[in-house]
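Okay, so the sequence shown: first residue is 13 according to the numbering used here, each after it adds one. Okay, structure first, notes after.
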Amino acid sequence: MIVLTSNNLEELLTPEIAVSAVRQAFSLFSSSRIIQPQRQLLTIKGNWWGIMPSYWDKSVTVKIVNVIPENKKKGLPSVQGAVLLFSPDTGEPLALLDGTTLTAIRTSAASVLSTELAFGGRNIGTLGVIGAGMEARYHIKIASGYLKLSRIMVTARSSHVQLAKEFGAEAVDLETLLKNSDVIFATTSSSTPVVLGKFLKDDFHISSIGAHTPEAREIDDETVKKARTYLVDSLEAVSKETGDYMQPVRSGILKKAIEIGEIINKGIKVERPSIFKTVGIAAQDNITALTAYEEAVKRGIGIKVT
């Protein structure tokens with residue numbers, strides 16, 4: 013077995029490789045070729061924890077992940093986790109991977125993939141990122157390495173000035189970002205909407221990765237009303253786990269959503285304005301972990317553990 017650290021994963025999972033991995037993951041999931049039992053959700057000391065298994069012909073993974081908002085005060089990422097990769101043939105553990113970095117990379121790659129599908133290519137225009145934590149950082153990093161961007165804007169309650177400087181982006185207020193962005197990545201822990209439809213352009217694409225409970229929202233009703241396509245990672249998952257899907261469906265605002273894997277498998281054209289709502293699925297972790305492991309073996313990267 014090998015251990016793959018955060019630095020290892022950053023080296024192995026380039027934007028091209030990461031986006032390709034999540035594309036395969038969504039395709040396999042929506043064609044029922046990869047099995048992922050419903051994640052087990054736990055509340056430990058008031059914080060969200062998830063246990064996420066999945067398997068297919070080539071790999072078995074289990075991820076334990078959590079969201080600890082108070083970690084920010086300690087200088088730690090709010091998302092923590094670990095992924096264990098097994099051989100489905102021998103049952104032996106193949107790799108232990110840093111789940112915090114793996115989650116950030118695969119989540120960012122999913123947002124970037126949804127953007128490529130929404131625009132039918134990589135030429136995007138202006139990207140706006142809401143948030144300044146680890147997910148925001150990786151979203152900018154993967155997007156910058158994969159998409160063609162003319163401008164990047166960042167906003168958050170704090171720390172976004174420093175993040176903007178790191179990537180040569182512009183630190184702006186929320187209204188300015190919403191009014192001027194062609195693509196918006198919402199990467200917050202907010203329980204109330206940060207994407208406000210009244211400020212958005214007529215044409216937009218939104219990827220929202222927050223609001224992971226039925227009571228929480230990152231996207232307001234007006235944004236949902238404006239969208240012509242509402243993409244999700246898993247219809248089953250979003251129907252049980254996020255207010256951004258559950259509440260608009262309950263109120264009748266959202267009539268139809270489609271899995272991103274179905275878009276990929278059937279070659280369906282995404283009509284903008286569009287929204288991609290992702291709560292993260294185990295298939296992403298499985299294929300991204302397997303991809304990282306295979307790359308590591310080829311390149312001799314990782315710490316061997318016996």
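No residue lacks a Cβ here, since even glycine has one placed at the ideal position from N, Cα and C.
Open item on the list: Are the CB atoms of A37 and T235 within a distance shorter than 8 Å?
Closed with: Result no, Cβ atoms of T235 and A37 do not sit closer than 8 Å.
TODO: May I ask you to list the residues that DSSP assigns as paired with F98?
DONE: V72, P105
TODO: Determine the closest residue to E82 out of E28, K57, I221, G133, with distance taken between C-alpha atoms.
DONE: K57
TODO: Could you check if P205 is buried or exposed, using at least 16 other CB atoms within 10 Å of its CB as the buried criterion?
DONE: buried
Task: Proximity of S266 and D232 at Cβ, strictly below 8 Å - done: The question names Ser, but residue 266 is Leu in the sequence shown. Not closer than 8 Å, so no.
Task: Selection from G137, E147, M258, L125 that minimises the alpha carbon distance to A33 - done: Comparing C-alpha distances from A33 to each of G137, E147, M258, L125 shows the shortest one belongs to L125.
Task: Runs of alpha helix (DSSP H) lying entirely within the region 178-225, each at least 4 residues, in chain order - done: 186-192
Task: Enclosing beta strand (DSSP E) for K289 [first to last residue] - done: 286-289
Task: Expected contact under 8 Å - CB spacing of A294 and Q48 to nearest Å - done: 4 Å
TODO: Take the Cβ of R229 as the centre, count every other Cβ of all protein chains shown within 10 Å, and call the residue buried at 16 or more, exposed below.
DONE: buried
TODO: Classify K57 as helix, strand or coil using the three-state DSSP reduction.
DONE: coil
- [ ] Report yes if the C-beta distance between G132 and S90 is below 8 Å; otherwise report no.
- [x] S90 sits away from G132, with the two beta carbons spaced by 8 Å or more.
TODO: Work out the CA separation of K191 and S170 for me, nearest whole Å.
DONE: About 20 Å.
- [ ] Evaluate P100 with the Cβ neighbour count: other Cβ atoms within 10 Å of its Cβ, from every protein chain shown; 16 or more gives buried, anything less gives exposed.
- [x] exposed
Open item on the list: Less than 8 Å between the C-beta atoms of R134 and L109, yes or no?
Closed with: no
Open item on the list: Please tell me whether G222 and A239 are closer than 8 Å, where the distance is taken between their beta carbons.
Closed with: Contact check for G222 against A239 fails: the beta carbons are separated by 8 Å or more.
TODO: Note down the Cα distance separating V291 from I270, rounded to an integer number of angstroms.
DONE: Counting only the Cα atoms, I270 lies some 14 Å from V291.
- [ ] Pick helix, strand or coil for Q48, following the three-state DSSP scheme.
- [x] Coil.
Task: Helix, strand or coil at D5 according to DSSP, with G and I counted as helix - done: For residue 5 there is no data in the structure shown, the boundaries of the chain being 13 and 318.
- [ ] Put G132 into one of helix, strand or coil per three-state DSSP.
- [x] Residue state, collapsed to three classes: coil.
Open item on the list: Measuring straight from C-alpha to C-alpha, what distance separates E147 and I80?
Closed with: 14 Å
- [ ] Have a look at the DSSP bridge pairing and note the partners of I315.
- [x] Answer by DSSP bridge pairing, in chain order: V15.
Task: Residue closest to G273, alpha-carbon to alpha-carbon, out of G264, I218, F288, L21 - done: F288
Open item on the list: Which same chain residues end up closer than 8 Å to E128 when comparing Cβ atoms and leaving out the 5 residues on each side of it in sequence?
Closed with: V31, R134, Y158, L159
Open item on the list: Starting from L161, trace the beta strand (DSSP E) in both directions and tell me its first and last residue.
Closed with: From DSSP, the beta strand (DSSP E) with L161 extends over 160-167.
Open item on the list: Can you find the residues in the same chain that come closer than 8 Å, C-beta to C-beta, to K237, ignoring five residues on each side of it along the sequence?
Closed with: G209, I265
Task: Three-state secondary structure assigned by DSSP to I63 - done: strand
Task: Opening and closing residue of the alpha helix (DSSP H) in which L40 lies - done: Run containing L40: 27-42, per the alpha helix (DSSP H) assignment.
- [ ] In angstroms with no decimal places, state the Cα-to-Cα distance between F98 and L161.
- [x] 38 Å
TODO: Identify which residue in I46, S44, M64, N59 has its Cα closest to the Cα of Q52.
DONE: M64
Task: Which of helix, strand or coil DSSP assigns to E271 - done: In this structure, E271 counts as strand in the three-state DSSP scheme.
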